[in-house]
Amino acid sequence: MNLFPTSWPELDRQTIIGVSPWAIFIAASAMFQYLVNPLYTSFDRTIDGLETKTIYARQTGGKICVGDMVTFRAADTGTRYIRRIAAGEGQLFSVSPQGYLIDDVAFLADAKWLEVARKQLGNERSIVLPKDHYLIVNSEFGWDRVGGEWAYAVVSSANILNRVTYVLVSRDLSRIGDRLNSDGSGC
Amino acid sequence: MTQSLNTARALLTAQNFEGARRLVNEFLEKQPDDIGCWRFRIQIEMEAENYKEALHICRNILQTHPENAGLRELEFDALAYLRKKKEARKAYEKFKTDFPHHHNCIETMQYSLDALDGETQKINRFLDEFDIDDLDFSVIRDFGITYHKMGNVFRAQQYLEKAHSHFFDDYEFNKTLAMNSLQLGRLAKARKYARIALGISPRDRHMWVLIFASYLFYLPQFYIFNAILVLANLVIGLAGIVLGFAFLFLVGIYGYETARFIEKSMSVLLDIEFLSSVYNFYFFLLAYLLVQYPNYFNFLYKRKKEVKLKRY
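Listed in order, the protein sequences are those of chains A and B.
Here the first sequence is numbered in our numbering, starting from 1 and rising by one per residue.
Here the second sequence is numbered in our numbering, starting from 188 and rising by one per residue.
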């Protein structure tokens, strides 16, 4: 039972002092979300190149290097995937009986991957990557919820949406702020 | 007669308005000129929050007894509860000309008119003049409740806690103390007083909801919600409802994203995987509404059955 009817708070000095920290907090959080696009990884399993139980920052723009984890859009279907870039401009990609080759460096792959890759390649034996194009090898089938099976993809830089750059939050506190792929092998 | 009126008084303290009403009506059929009893009848309606009915009865009796100051005061109170500013001001001015010697009544009316206009500073300043150590415990309780209604929760907590040892079995008092503790963020205390109130009246939905809601304060999302709603209230008070809703909509999106980030980072740092979902945000909004405006959700519950009294 109300003894007196309620009233709106007045905008006096006290109210402004009380409310301003909250306003600053909300403005800061809005700015944070405008600048950083967080990527949350699962507790159980992640794709190759990312750790479990971590939050990464994703950024648009900047130089794309071989070895970067990127979000890209498939040119035909438009679905989005997060994978590591395997090779860059001018490099040679070919499929061998045991796996695949990138500039005479051999990688092993299982029988299922080889089957799908041969289907995708068709009559061609190898691919030389054109300018501003990157090769992405899908070593983990069934990871994505949508999309059919694909062994590799050649993606133009326009279809690469953002890169996974920094570790924002981790259980290992010394890892916070670490940059991914600091070796810069491709650049 | 006195026995039945005492029974009615006991029923009123037990929140059984229907039973109290019936007994008083029986009494009034035999003695329709008893003004004291009519005042008690109005008091029942005020306690049951039927202010319209209270005002109706009050005006009916005032036609034959316009000189009764107590009834005039009750009329003003009912108008204030109904938030009829203009009529309340008229009643106040009439009261002032008819009973200029009722200084205390006039002063309290002035304060409630100020409260209707949203000016709570005057009454806060007036109450601050008194020293808590000089006051009687019943006065400390009333001051505490007034501070609570005026939004001065820190002072209210001080006064109410001091008076609690004398009114530990008072239902309304414990209810106010629980709500005030929740507003201050003293969750364990809020639960404690809510449980005492539930011990007196176990069917109080508001207290059950309060106990449930006090657990929500341990979650980070809830604090973000509070901030959003405080800011939204400010904006509504200043620039109108439309702007307020636009603000709530804009900030709500960011609030959700921030809440998700905080929740996820806490789960990473503490190595605990929360069972969270996208609909948490809306769930907490609903919980907040349930606490703040529980009467809007009355349609979810069954109606209370009338308590049939034995005739002794």
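Don't be surprised by glycine CBs; every beta carbon is placed ideally from N, CA and C.
Inclusion of residue 278 of chain B and residue 261 of chain B in the CB contact set at 7 Å is not warranted, their separation being larger than that value. Shown here for residue 378 of chain B: same chain residues with a beta carbon closer than 7 Å to its own, the five before and five after excluded, namely 398 and 401 in chain order. For residue 133 of chain A, the secondary structure class from DSSP, reduced to helix, strand or coil, is strand. In this model, residue 317 of chain B and residue 332 of chain B are separated by some 15 Å (Cα to Cα). Between the segment 119 to 133 of chain A and the segment 36 to 51 of chain A there are fewer than three C-beta pairs closer than 8 Å, too few to call the two in contact.
Secondary structure of residue 56 of chain A (DSSP, three-state): strand.
Residues of chain A with a Cβ closer than 8 Å to the Cβ of residue 452 of chain B are, in chain order, 55, 168 and 169. Two segments are said to touch when three or more pairs of C-beta atoms, one from each, lie closer than 8 Å; by this definition the segment 333 to 352 of chain B touches the segment 309 to 323 of chain B. Considered as a whole, the segment 300 to 355 of chain B harbours 308 to 315, 324 to 337 and 340 to 350 as its complete alpha helix (DSSP H) runs of no fewer than 4 residues, in chain order. Straight across, the Cα-Cα distance linking residue 109 of chain A with residue 50 of chain A is about 20 Å. Against residue 455 of chain B, the close residues of chain A are 53, 54, 55, 169, 170 and 171, in the order they occur along the chain (beta-carbon pairs closer than 7 Å). Apart from the 5 residues on each side of it in sequence, residue 273 of chain B has no Cβ closer than 6 Å to any other Cβ in its chain. Within chain A, not a single residue places a beta-carbon under 8 Å from that of residue 262 of chain B; the smallest gap is close to 16 Å. Residues of chain B with a Cβ closer than 8 Å to the Cβ of residue 40 of chain A are, in chain order, 451. For residue 458 of chain B, the residues of chain A that pass the 9 Å Cβ criterion are 43, 53 and 171, in the order they occur in the chain.
Burial of residue 307 of chain B is indicated by the presence of at least 16 other C-beta atoms within 10 angstroms of its C-beta.
No beta strand (DSSP E) of 3 residues or more sits fully in the segment 207 to 236 of chain B. Between the segment 44 to 64 of chain A and the segment 112 to 122 of chain A, the count of C-beta pairs closer than 8 Å stays below three; the two stretches do not touch.
Listed along chain A is no residue with a C-beta nearer than 7 Å to that of residue 355 of chain B; the closest approach is about 20 Å. Rounded to whole angstroms, the separation of the alpha carbons of residue 14 of chain A and residue 21 of chain A is 12 Å. Annotated as proximal: residue 176 of chain A and residue 167 of chain A, with beta-carbon spacing under 7 Å. Checking the DSSP bridge columns, you'll see residue 71 of chain A partnered with A/82 and A/162. Shown here for residue 270 of chain B: same chain residues with a beta carbon closer than 8 Å to its own, the five before and five after excluded, namely 303 in chain order. At a beta-carbon threshold of 7 Å, the residues of chain A lying near residue 448 of chain B are 38, ordered along the chain.
For residue 365 of chain B, the CB contacts under 7 Å within the same chain, skipping 5 residues up- and downstream, are 377, 380, 381, 384, 394 and 397 in chain order. With a 10 Å radius around the Cβ and a threshold of 16 neighbouring Cβ atoms, residue 31 of chain A comes out exposed. Straight through space, the alpha carbons of residue 18 of chain A and residue 406 of chain B are spaced by roughly 22 Å. Restricting attention to B/350, B/293 and B/298, the CA atom closest to the CA of residue 320 of chain B is found in B/350. With fewer than 16 other beta carbons inside 10 angstroms of its own, residue 34 of chain A counts as exposed. Looking at the DSSP output, residue 92 of chain A bridges to A/128.
A distance of 7 Å or more separates the beta carbons of residue 204 of chain B and residue 248 of chain B.
The secondary-structure analysis by DSSP pairs residue 102 of chain A across a beta bridge with A/93 and A/105.
Annotation for residue 263 of chain B: 275, 278, 279, 282 and 296 place their beta carbon closer than 7 Å to its own, counting only its chain and skipping 5 residues before and after. Per the coordinates, the alpha-carbon of residue 253 of chain B lies some 25 Å from the alpha-carbon of residue 213 of chain B. Setting aside the 5 residues that flank it on each side, residue 257 of chain B is surrounded in the same chain by 226, each with a C-beta closer than 7 Å to its C-beta; the list follows chain order.
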